[in-house]
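Asker: Residue numbers (the numbering used here), protein chains in the order written: chain A, 3 to 193; chain B, 3 to 193. For each residue, glycine too, the CB sits at the ideal point set by N, CA and C. From a predicted model like this one, the values you see are computed outputs, not experimental measurements.
2 protein chains.
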Amino acid sequence: MATETTRPVLRVDIKRPQRADARRNFDALLSAAREAFAEKGVDASLEDIARRAGVGIGTLYRNFPTRQDLLSAVYFGEIEELCLAAEEAADLPPWEALTTWLRRFVAYVATKRAIWESLNRESDSFQEAREAMYAAGTPLFERVQAAGEARADMSIDDLLRMVSGLTGCNFVDEEQRDRVLQIALDGVRAR
Amino acid sequence: MATETTRPVLRVDIKRPQRADARRNFDALLSAAREAFAEKGVDASLEDIARRAGVGIGTLYRNFPTRQDLLSAVYFGEIEELCLAAEEAADLPPWEALTTWLRRFVAYVATKRAIWESLNRESDSFQEAREAMYAAGTPLFERVQAAGEARADMSIDDLLRMVSGLTGCNFVDEEQRDRVLQIALDGVRAR
DNA sequence: ACTATAACGGAGGCACCCCTCCGGTATCAA
DNA sequence: TTGATACCGGAGGGGTGCCTCCGTTATAGT
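Right under this line is the structure:
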C-alpha cells in the first residue's frame with residue numbers, strides 16, 4: 003500500500019557528491035552523525051562526528067554547512083519511516099492500530115534522542131518534522147475516537163506529547179517504561 | 003502535625019563562613035546559583051554564577067569546592083519543603099491528598115529543572131534527594147491503594163517517573179500540561 | 001590603631017568547541 | 001598519461017568553561 007505516496011514530503015536537498023572519494027566521506031559522515039546524535043543528543047560535537055567518520059572537520063562543513071543540515075539529513079529519513087509505519091498500521095482495528103504505531107514511535111524515540119528533542123524544541127526546521135509526525139498519527143487517532151474507544155477531549159498533540167514525555171525520561175528498565183506507558187494509555191481510553 | 007519530625011534528613015554540611023564579608027558572598031552565591039540553575043539546568047556555568055553574584059570565581063570554589071556542593075546547598079532545602087508538603091497533605095482524603103501533593107510536585111519540577119534532572123540522572127548525591135522524595139510520597143500513595151482507589155500493580159517509583167516525565171517536556175501551555183496529566187492519572191485510578 | 005590572617009578575585013593553564021581558510025592531493029575525463 | 005579541478009584535512013583564531021594559584025585586601029581581636 004501507498005508505494006506512490008503523496009504524503010507531505012520532508013525534502014532535504016543536500017546532494018550526495020559526485021566523486022567517489024567524496025561520496026565515501028559523505029556516507030561515513032552520515033553514519034557517524036547518526037551514531038553521535040543518538041548517543042549524545044542534538045548537541046553532539048561536530049568535531050567528534052568528523053573524528054568518528056575519520057574525516058577532517060573541513061570535509062564535514064563542506065558537505066553540511068550547518069548543524070541543522072546534518073541533523074536533517076540524518077533524521078528526516080527516519081521520521082519518514084515512522085510516517086510509513088502509520089500507514090502500515092491502518093489495517094488493524096482502531097485501538098490496535100494506534101498502539102502499534104505508538105509502540106513503534108516509542109522504540110524510535112527511546113534510542114534516537116533527537117526525535118524526542120524535535121518534539122520539545124522550538125526550532126523552525128524541527129517544526130516540519132513534527133508536523134509530518136502529527137499528520138501521520140492523526141488518522142489513526144481520529145479513527146479510535148470515532149469508534150468511541152478514546153476520549154474525545156484529547157488531541158493528537160496531547161497524545162504525542164504524553165507519549166514522548168514518558169519515553170524521554172529514564173526508567174529502571176524497558177519493562178517499567180512499558181508498564182507506565184500502558185497505565186497512561188489506560189487514561190486515554192474512553193470509559 | 004510532625005513538627006518534631008524524624009523524617010530522613012537531607013544533611014548538607016557546608017558551613018556558612020564566619021567573617022561578615024565572607025557571609026555576604028556566600029549568600030550572594032547561593033541565590034545567584036538558585037537563579038542560574040533554575041534558568042539553565044544543572045549544567046549552568048559556574049563562572050556565570052560567580053559573575054551574577056558579583057564575586058570572583060575563586061570565591062565560589064572556596065565556598066563550594068565542587069559543583070555538587072553548590073547544587074546540594076541550593077536544592078536540598080527545596081526538596082525538604084516538598085517532603086513537608088506531603089505531610090501536610092496527609093489530612094485530606096486519600097486520592098485528594100495524593101493529587102494535591104503531586105500538583106505541588108509538578109509546580110516545583112516545572113520551574114526547577116534540577117529537581118527534574120535529579121530524577122533522571124544517575125548520580126550518587128541525587129540518589130539521596132530521590133530517596134527523600136520517595137519516602138515522602140510513599141505513604142500518600144499507599145493510602146490511596148489501600149482505599150482501593152489506585153491500581154495495585156504500580157509503585158511510587160512508577161508514579162513519580164510518570165509525573166516527572168510528563169512535567170519535564172514542553173507543552174503548549176499550562177492548561178495542556180494539566181489536562182494531559184489528568185488523563186494519565188485517570189489511568190492510575192482503579193476501575 | 002595595628003597586625004595576623006581569613007578571604008578575595010582574577011590571571012593563566014588546560015581542554016573543548018565552532019568555523020574558516022588554503023596548501024596539498026586524489027579523481028576522472030581526455 | 002596527464003592536467004584541471006573537486007575535494008581533502010587540519011592549522012589556527014575566537015569563544016567558553018573548568019579549576020588552581022597567589023599577590024592583594026578587608027576583617028576582627030587586641
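Would you check if the stretch 104-120 of chain A and the stretch 166-182 of chain A touch, i.e. whether three or more CB-CB distances between them fall below 8 Å?
Answerer: yes
Asker: Cβ of A186 of chain B within 9 Å of Cβ of L142 of chain B?
Answerer: no
Asker: Among B:A40, B:I59, B:I158, which one has its Cα closest to the Cα of L73 of chain B?
Answerer: By alpha-carbon distance to L73 of chain B, the top candidate from B:A40, B:I59, B:I158 is B:A40.
Asker: Nearest by alpha-carbon distance to F107 of chain A: which of A:Q147, A:Q178, A:R163, A:R191 is it?
Answerer: A:R163
Asker: Taking one C-beta from the stretch 29-37 of chain B and one from the stretch 52-69 of chain B each time, how about it: are there three or more such pairs within less than 8 Å?
Answerer: yes
Asker: Taking the alpha-carbon positions, what's the L183 of chain A to K42 of chain A distance?
Answerer: 24 Å
Asker: Are at least three pairs of beta-carbons, each pair with one atom in the stretch 89-99 of chain A and one in the stretch 142-154 of chain A, less than 8 Å apart?
Answerer: yes
Asker: So V70 of chain B is in the alpha helix (DSSP H); what residue range does that whole segment cover?
Answerer: At residue 70 of chain B the sequence reads Gln, which differs from the Val that was named. That run of the alpha helix (DSSP H) goes 69-90.
Asker: What does DSSP give as the partner residue(s) for A152 of chain B in the beta ladder?
Answerer: B:R191
Asker: When we look at the beta-carbon of R21 of chain A and count the other beta-carbons within 10 Å, is it buried (16 or more) or exposed?
Answerer: That one is exposed.
Asker: Can you tell me whether R179 of chain A is buried or exposed? The criterion is at least 16 other CB atoms within 10 Å of its CB, across all chains shown.
Answerer: R179 of chain A should be labelled buried.
Asker: Leaving out five residues on either side along the sequence, give the residues of the same chain with a beta carbon under 7 Å from the beta carbon of A30 of chain A.
Answerer: A55, G56, V57
Asker: For chain B, is any of its Cβ atoms less than 9 Å away from the one on Q178 of chain A?
Answerer: yes
Asker: Taking 8 Å as the limit between beta carbons, can you name the residues of its chain near T101 of chain B, skipping five residues before and five after?
Answerer: L187
Asker: Which chain B residues are close to L187 of chain A, counting only those with a beta carbon under 8 Å from its beta carbon?
Answerer: G189
Asker: When the Cα atoms are used, what is the spatial distance from V76 of chain B to D159 of chain B?
Answerer: 24 Å
Asker: Measure the alpha-carbon distance for V174 of chain A versus E89 of chain B and round it to whole angstroms.
Answerer: 27 Å
Asker: Pop quiz: A131 of chain A and F78 of chain A are said to be a contact at Cβ under 8 Å. What is the actual Cβ separation, rounded to whole angstroms?
Answerer: Between A131 of chain A and F78 of chain A a beta carbon distance of about 6 Å is seen, short of the 8 Å cut, so the two are scored as contacting.
Asker: Note down the Cα distance separating D71 of chain A from M156 of chain B, rounded to an integer number of angstroms.
Answerer: 43 Å
Asker: DSSP on K114 of chain B, reduced to helix/strand/coil?
Answerer: coil
Asker: With distance defined between alpha-carbon atoms, name the residue in A:Y136, A:A154, A:R25 nearest to A87 of chain A.
Answerer: A:Y136
Asker: Is the CB of V11 of chain A under 9 Å away from at least one CB in chain B?
Answerer: Note that V11 of chain A has pLDDT 42, beneath the 50 cutoff, so the model's placement of it is unreliable and the number below is only indicative. For V11 of chain A, the answer is no, since every Cβ of chain B falls outside 9 Å of its Cβ.
Asker: State the Cα-Cα distance for the pair R202 of chain B and T68 of chain A, rounded to the nearest angstrom.
Answerer: Here chain B has residues from 3 to 193 only, and residue 202 of chain B is not among them.
Asker: Keeping to the same chain, check which residues put their C-beta closer than 7 Å to that of E49 of chain A; ignore five residues upstream and five downstream.
Answerer: Excluding sequence positions up to five before and after E49 of chain A, its CB lies within less than 7 Å of the CB of I59, all in the same chain and listed in chain order.
Asker: For V44 of chain A, which residues in chain B fall below 8 Å Cβ to Cβ?
Answerer: The contacting residues do not exist; V44 of chain A stays about 15 Å from chain B at best.
Asker: May I ask which residues mark the beginning and end of the alpha helix (DSSP H) holding V165 of chain A?
Answerer: Its alpha helix (DSSP H) spans residues 158-170.
Asker: Can you pull the chain A neighbours of S166 of chain B, defined as C-beta to C-beta under 8 Å?
Answerer: C171
Asker: For a test of the three-state rule: what should DSSP assign to G139 of chain A, helix, strand or coil?
Answerer: helix
Asker: Short of 6 Å in beta carbon distance, which residues of its chain neighbour V165 of chain B, apart from the five on each side in sequence? Order them along the chain.
Answerer: L104
Asker: Whose C-beta lies closer than 6 Å to the C-beta of P19 of chain A among residues of the same chain, with five residues either side of it excluded?
Answerer: R25, F28
Asker: Mind checking which residues open and close the alpha helix (DSSP H) that includes S47 of chain B?
Answerer: Segment: none, S47 of chain B is in no alpha helix (DSSP H) and carries neither H nor E.
Asker: Name the chain B residues that come within less than 8 Å of D160 of chain A, Cβ to Cβ?
Answerer: Q178, R181, V182, I185
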